[in-house]
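Notes follow the structure.
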């Protein structure tokens with residue numbers, strides 16, 4: 001009888017939103033950071049939309065974060081892997097794709113800059129301070145051509161969307177790539 005009561009209480013607690021019950025989260029979060037109203041800054045949303053058309057495993061959650069990663073620490077807490085999609089200024093030709101981890105950017109003082117008020121690196125550092133950080137983070141970014149007000153990607157950035165989708169799928173299914181030149185343009 002004790003087990004049945006416990007089970008019933010557990011079910012009731014879940015149904016009523018018990019604050020002590022932590023809901024399960026997909027271990028992999030693919031998060032788009034960007035602004036559809038600023039041209040190529042809508043790259044991440046375009047990649048996320050293309051991924052939504054794919055048959056992804058249940059272990060993957062897609063999330064559009066908009067432009068402020070600082071508000072989202074809770075959403076990437078308790079994740080095994082965070083894959084961030086963003087437009088970044090890395091100094092390469094427009095449409096160039098990058099794959100890097102925040103640690104690589106910090107360790108090598110790479111010139112990778114997000115286009116948003118509070119960048120991903122700052123958000124992850126703050127997350128460490130409050131123990132709210134994914135186990136592993138990778139960023140797949142594109143060098144933008146035009147981020148002026150306007151809807152739609154430039155042709156060179158639009159051409160990079162499908163390749164970015166393939167890079168994300170590689171991250172999902174193969175858990176990344178072997179060490180090498182991780183910060184080099186792809």
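Numbering (UniProt numbering), first residue to last: 1 to 186.
Using N, Cα and C, we set each Cβ at its ideal position, and we do this for glycine too.
1) Would you mind giving the Cβ-Cβ distance between residue 100 and residue 31, rounded to the nearest angstrom? I have them listed as a contact below 8 Å.
2) Put residue 163 into one of helix, strand or coil per three-state DSSP.
3) Out of 33, 37, 128, state which residue places its alpha-carbon closest to the alpha-carbon of residue 146.
4) I'd like to confirm the pairing. Which residues does DSSP put opposite residue 137 in its beta bridges?
5) Can you look up residue 51 in the DSSP assignment and give me helix, strand or coil?
6) Expressed to the nearest angstrom, what Euclidean distance is found between the alpha-carbon atoms of residue 139 and residue 98?
7) Output the distance between the C-alpha atoms of residue 81 and residue 45, rounded to the nearest integer angstrom.
8) Can you give me the C-alpha to C-alpha distance between residue 26 and residue 61, rounded to a whole angstrom?
According to the structure data:
1) The beta-carbon separation of residue 100 and residue 31, rounded to 15 Å, does not stay under the 8 Å limit for a contact.
2) Taken through DSSP and simplified to helix, strand or coil, residue 163 comes out as helix.
3) Relative to the Cα of residue 146, the nearest Cα in the group 33, 37, 128 belongs to 37.
4) Secondary-structure assignment with DSSP links residue 137 through a beta bridge to 82.
5) DSSP places residue 51 in the helix class (H, G or I) of the three-state scheme.
6) Going by C-alpha positions, residue 139 is about 8 Å away from residue 98.
7) Roughly 19 Å separates the two Cα atoms.
8) Using only the alpha carbons, I get a separation of about 6 Å.
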